[in-house]
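Heads up: the sequence shown begins at 3 in this note's numbering, then just goes up one per residue. For every residue, glycine included, the Cβ atom is placed at its ideal position computed from N, Cα and C. Keep in mind the model is a prediction, meaning the values are calculated, not measured. For reference, the structure is listed below as C-alpha cells.
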Amino acid sequence: MSVFVSGANGFIAQHILAQLLAKDYNVIAAVRSQEKADGLLKNFDNPNLQCVIVPDITKLEAFDDAFKNNGSKIKYVIHAASPVTDHTDNFERDILIPAVNGTKAILNSIKKYASENVERFIQTSSLAALTTVQDYANPKLSFNEKSWSTYTWESCQGSMFDAYSGSKKFAEQEVWKFAEENRDTIKFSITTVNPAFVFGPQVFDNEVKSKLNVTCQIVNDMIHLPIGATDFSLNPLYCVHVEDVAKAHVQALDDPTLVGKRLLMSNGLANRQDMLNIAHDDFPILNGNVAVGTPSNGFIGKPLPVATLDNTDTKQLLGFQFKSLNDMFDDLIRQVLKHEGKI
Ligand code: NAP
C-alpha cells in the first residue's frame, strides 16, 4: 500500500518523501508537470517512488485521474500542495482559491475512488491558520493547538500574508468539515500539521538555487546583505526545522495518539538579526563580506514581544526532541555556502 503526497516537489514535501522512502513506504508523488516529476525521480532514484501529474489544484476534479488510476493502492494521503508565494496581486485567484479548492478536490477524489482503503489523511496546515497577523503581534495574547484566527474571506485580503493566513485557515476548515459531513461514508482519520516558519536545508544540494522557497529565501537574503545594511524587519518569527515538520507528518500516518489532532510545530522565536548573528558566529567566512546589522537587536533571550505560542501538547504527543534554532539556520546556511563554493 502507498502514501499519496501532493505538492511533492515542494521544500517540505521533499523531506517527507525522503523520510517515507527511508522507511520503505511506497510513495505516489503528485507534481504539476512531467519536468518536475523527472527531477524528483532522478534525485531520489528509488524504485518505491512513482509520480503522477496534477497540473492545477484549483480544479475541483484535479485529483480524479490520479485516484481513479491508483486509488486501490493508496492507504495514506498527505496533502502538502498549497500556494506559498511572494509575488501576486490577485490574492483570491492565486492564494485563497487554489488552497481551498485543492483541499476540497483531493478529499472528494478520495471519497470517489479510494474510500475503501484510505485510512489516514494528513493536511499540511500552518501556524497561520491559528492567528491573525495583528493578534500575533500582541504580547498579551496566546495561542495553542485549539486556536483559530478570526480572518474572514474578506478581512484576509489586505496583504499577501493575511491572504496566505486566511488560505490556510479556510483550507484546514474544509478538512474538518468534510470529516464531519462524511462521517458515515469515509473511514479515514485526520491529523493536521501546523508549522510555524519552516527553515532548513533542501533535501538535495542540486535544488539550491539563487532563489530558494519563500521561507528559506529570508535566510538566503540575510547572508547576502551588503556590508553596512541595517534596514531589515526585526519582526520575531516562530520557527521550526523542516526535518521535524516532515517527521511529524510521517509519524501521523500510524500513531493512533495523533488521530484528530492539530500538531503545532515550533521550537522558538528568532528575528532576522538573530539569523545574521548565528551566521557570523558559525561561518567566519562571512565576516567582512556580509552585513552584521546591529547584533544587539537580536531577539533570542529577550522578553517576548509577540503573542505566546504554547505547543506543549504537540511536543508531548510527538515525543521527540525538536532540533535547535541554531542547527536549523546552520544546516541551511552551510548548504548555501557550500553551493557557492565558499566553504
Ligand atoms: P513550496 O516549496 O512552495 O511547496 C508548495 C507546493 O505546492 C509545491 O509543490 C507547489 O507546486 C504546490 N502548489 C502550489 N500552488 C499550486 C497550485 N495552484 N497547483 C498545484 N500545485 C501547487 O512550499 P513549502 O514551504 O514546502 O510548503 C508546503 C506546505 O507547507 C504548504 O501547504 C504550506 O502552506 C505549508 N507551510 C509552509 C510553511 C513554511 O514556512 N515553509 C509553514 C507552514 C506551512 P510548484 O512547485 O509546481 O509551484
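Cβ atoms of residue j and residue i: under 8 Å apart, would you say?
i, j, result
"Ile220", "Ile335", "no"
"Ile287", "Lys340", "no"
"His17", "Ala248", "yes"
"Ser268", "Asn313", "yes"
"Asp332", "Asp256", "no"
"Ser8", "Phe69", "no"
"Asn222", "Val338", "yes"
"Ser117", "Thr187", "yes"
"Lys114", "Ser4", "no"
"Leu19", "Ala32", "no"
"Phe6", "Val79", "yes"
"Val86", "Val216", "yes"
"Val310", "Leu265", "Before going further, note that residue 310 is Thr rather than Val in the sequence given. No, these two residues do not count as a Cβ contact at 8 Å."
Does DSSP put residue i in a helix, in a strand, or in coil?
i, result
"Gln52", "strand"
"Ile192", "strand"
"Thr232", "coil"
"Ile335", "helix"
"Asn313", "coil"
"Asn11", "coil"
"Tyr302", "The residue asked about is misnamed: residue 302 is Ile in this sequence, not Tyr. Note: Ile302 maps to coil in three-state DSSP."
"Pro297", "helix"
"Ser169", "helix"
"Ser157", "helix"
"Ala31", "strand"
"Val5", "strand"
"Pro100", "helix"
Among the options, whose alpha-carbon lies nearest the alpha-carbon of residue i?
i, options, result
"Tyr153", "Pro141, Tyr138, Lys171", "Lys171"
"Asn48", "Val56, Trp150, Ile30", "Ile30"
"Arg122", "Leu271, Ile229, Pro258, Lys304", "Pro258"
"Leu42", "Phe65, Pro57, Gly12", "Gly12"
"Pro305", "Val120, Ser212, Leu271", "Leu271"
"Gly300", "Asn208, Val120, Lys317, Ser235", "Ser235"
Might you give, ordered along the chain, the residues of its own chain that have their beta carbon closer than 6 Å to the beta carbon of residue i, omitting 5 neighbours on each side?
i, result
"Thr126", "Ala82, Val195"
"Thr60", "Ile99, Pro100, Asn103"
"Lys325", "His243, Asp246"
"Thr193", "Ile124, Ala254, Leu260, Lys263"
Grab me the residues of residue i's own chain with a C-beta within less than 7 Å of its C-beta, minus the 5 sequence neighbours each way, in chain order.
i, result
"Thr296", "Thr232, Gln275"
"Phe180", "Leu109"
Cutting at 8 Å between CB atoms, please list the residues of its own chain near residue i, excluding the five before and the five after it.
i, result
"Thr90", "Asp96, Ile97, Met162"
"Asn291", "Ile229"
Runs of alpha helix (DSSP H) wholly within the region 103-150 (minimum 4 residues, chain order): 135-138
Report the residue ranges of all alpha helix (DSSP H) runs contained in full by the region 55-91; include only those spanning at least 4 residues, in chain order.
Listed in chain order, they are 66-72.
Which runs of the alpha helix (DSSP H) fall wholly inside the region 217-291 and span at least 4 residues, in chain order?
244-256, 274-284
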